[in-house]
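Participant: Take this structure, written in structure tokens, and hold onto it; I'll ask about it next.
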Ligand SMILES: Cc1ncc(COP(=O)(O)O)c(C=O)c1O
């Protein structure tokens, strides 16, 4: 498979929007799906739709086998030690809510949680819920004006009461690649009992993430940002920590036995997957991982790095634009046209067939910190090319002309 | 399709009634959390008649133009009649088709006016 021709394999990308060829640059919100992923979902519903882990019949066995194969693919993709460490959820948001509510059960008043100012709301709100319930303290690693984390005084934030450090790997706004391995190492030096959670929703679709190497205890991410379907996510955790976790949801599939008095839980990972899961979604996700592997994650990364540098160079030449975040970054560029609201920028771009995101991208705290109301965000994936960047730059010039 | 008619651009870039009103009787606010828009309007009322109106906003061109035009149209009207203002009134002033995603922008002013009862 060849990255240069990848665009042809994504049927949605060949359409026209407002009479113009679609230029899809909203990949941080969600990625598009290649035909093979769509086909694998249709194949499941057409040929072996059936519940998993339950029936003793041919279809159920095939569905279960396919579903479990994906667990192994995910484990290999992030270099998990064991396939049993992979838990399927609805997405990053559900994974984080699961962690906050289950880990939080054991916390005491005045225990502390460390987040960063660049977290997505999904890594803030669940912790605020549990903090309110238990009387916990949330502290934030600050974001510097250049869009990187201020970790110089990390040690002053952490103490024996710190239970959790939960942080984003790649910022969904600034594209900042946080040195998570270094941060976790330093945090655990002060307090080895800290549980480290990394939100890899914006990194794992675009770069090699090795969960053992970054020294995380848990990671969370979503299939839909990496060519897979919506409604599927992953929670990976070290096995010994998963053993201590209380299930998030109770019901079918997660039990060993149920009597009127009590329930014995099933083994891990079934213990954490109550109810009928998103079987079609998981199977589609497996095909997405195969697709990424065929092209190669490193190949994808260098392609996106090239596009990002190209785009940064071009956009920087436009004196009416302010870019936020560091030079060294993943394929995400947030900016504003001076004096024009981000909504108006994206509306005019849309008239020209270009899809970008505008708003605060679920990061109010970060936008407040940077003292901006909203931003326009262009984000790349493997199927984007230099022409997409050139169309974006032309579109931005048009916006500026209209609002001059 | 062009949402950015010269009228909308004029009203959004140089709204004649932009700024804070001193000695006003009503200060009303509305927010649009999905895009971060933030609107404050000021109404000055004498003998139940709106005699002046202005606004401050961090918002897009559509929301600013809609707010500015609607507030202009309120001058001389009875404060008690504010409740009767409808979406169509805003659309008649804007004279463009509003897509579903921009409705929240165009009608933010109505959210602010709605708070007068509470
Ligand atoms: C960094 C980050 N974390 C979490 C999320 C939430 O993911 P989801 O909406 O798939 O649960 C997103 C996506 O919007 C994200 O970019």
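Residue numbers (this note's numbering), protein chains in the order written: chain A, 135 to 538; chain B, 225 to 342. Every residue gets a Cβ at the ideal spot worked out from N, C-alpha and C, and that includes glycine. Here the structure is a predicted model, which means the values were calculated and not measured.
#1: Would you please verify whether the beta carbon of residue 243/B is less than 8 Å from any beta carbon of chain A?
#2: With which residues is residue 242/B paired in a DSSP beta bridge?
#3: Can you tell me whether residue 436/A is buried or exposed, with buried defined as 16 or more other CB within 10 angstroms of its CB?
#4: Relative to ligand 1, what is the chain-ordered list of residues with a Cβ closer than 7 Å to any of its non-hydrogen atoms?
#5: Report the residue ranges of all beta strand (DSSP E) runs contained in full by the stretch 154 to 235 of chain A; include only those spanning at least 3 residues, in chain order.
#6: Do the stretch 485 to 498 of chain A and the stretch 424 to 441 of chain A meet, that is, are 3 or more Cβ pairs less than 8 Å apart?
#7: Would residue 309/A and residue 464/A qualify as a contact pair, given that the criterion is a beta-carbon distance under 8 Å?
#8: Using a Cβ-Cβ distance cut-off of 8 Å, determine whether residue 321/B contacts chain A.
#9: Output the distance between the C-alpha atoms of residue 521/A and residue 151/A, rounded to the nearest integer angstrom.
#10: Which chain A residues are close to residue 285/B, counting only those with a beta carbon under 7 Å from its beta carbon?
#11: I want to verify the contact list: residues of chain B whose CB lies under 8 Å from the CB of residue 501/A, in sequence order.
#12: What residues in the stretch 295 to 320 of chain A have a beta carbon less than 8 Å from any beta carbon of chain B?
#13: Under 8 Å, Cβ to Cβ, is there at least one residue of chain A near residue 235/B?
#14: At a Cβ threshold of 8 Å, is residue 493/A touching chain B?
#15: Going along the chain, which residues of the stretch 268 to 285 of chain B sit with their C-beta nearer than 8 Å to a C-beta in chain A?
#16: The beta strand (DSSP E) spanning residue 329/A covers which residue range?
#17: Taking only beta carbons into account, state which residues of the stretch 503 to 516 of chain A come closer than 7 Å to chain B, listed in chain order.
#18: How many Å lie between residue 243/A and residue 234/A at the Cα?
#19: Which of the three DSSP states is assigned to residue 274/B in this structure?
#20: Output the distance between the C-alpha atoms of residue 273/B and residue 298/B, rounded to the nearest integer angstrom.
#21: Along the alpha helix (DSSP H) that carries residue 442/A, what are the first and last residues, could you check?
#22: Please state if the CB of residue 532/A and the CB of residue 474/A are separated by a distance shorter than 8 Å.
#23: Helix, strand or coil for residue 291/B per DSSP?
#24: Go ahead and pull the three-state DSSP assignment for residue 321/B.
#25: Please name the residue or residues paired with residue 512/A in a DSSP beta bridge.
Facilitator: Straight from the coordinates:
#1: Residue 243/B is outside the set of residues whose beta carbon lies under 8 Å from a beta carbon in chain A.
#2: The partner list for residue 242/B (beta bridge, DSSP) reads 279/B.
#3: So residue 436/A counts as exposed.
#4: Checking every Cβ against the heavy atoms of ligand 1 under 7 Å gives 162/A, 163/A, 225/A, 226/A, 227/A, 228/A, 254/A, 256/A, 257/A, 302/A, 306/A, 333/A, 335/A, 336/A, 356/A, 358/A, 359/A, 367/A and 496/A.
#5: DSSP runs (the beta strand (DSSP E)) wholly in the stretch 154 to 235 of chain A: 220 to 223.
#6: Not touching, per the Cβ criterion.
#7: Cβ distance < 8 Å, so residue 309/A and residue 464/A count as in contact.
#8: Chain A, which has no Cβ nearer than 8 Å to the Cβ of residue 321/B, makes this no.
#9: In a straight line, the C-alpha of residue 521/A is about 16 Å away from that of residue 151/A.
#10: Simply 475 and 478.
#11: By Cβ distance, chain B contributes 260.
#12: So the list is empty, because no residue satisfies the distance condition.
#13: At a cut-off of 8 Å between C-beta atoms, residue 235/B does not count as an interface residue with respect to chain A.
#14: At least one chain B Cβ lies under 8 Å of residue 493/A.
#15: Under the 8 Å Cβ criterion, the stretch 268 to 285 of chain B contributes 282, 283, 284 and 285.
#16: Per DSSP, the continuous beta strand (DSSP E) segment holding residue 329/A begins and ends at 329 to 333.
#17: Residues 507 and 508.
#18: Rounded to whole angstroms, the gap between the alpha carbons of residue 243/A and residue 234/A is 15 Å.
#19: In this structure, residue 274/B counts as strand in the three-state DSSP scheme.
#20: A direct Cα-Cα distance of roughly 9 Å separates residue 273/B from residue 298/B.
#21: Unbroken alpha helix (DSSP H) run through residue 442/A: 431 to 450.
#22: Contact: no.
#23: Helix, per DSSP.
#24: In the structure shown, residue 321/B adopts coil according to DSSP, grouped into three states.
#25: The partner list for residue 512/A (beta bridge, DSSP) reads 467/A.
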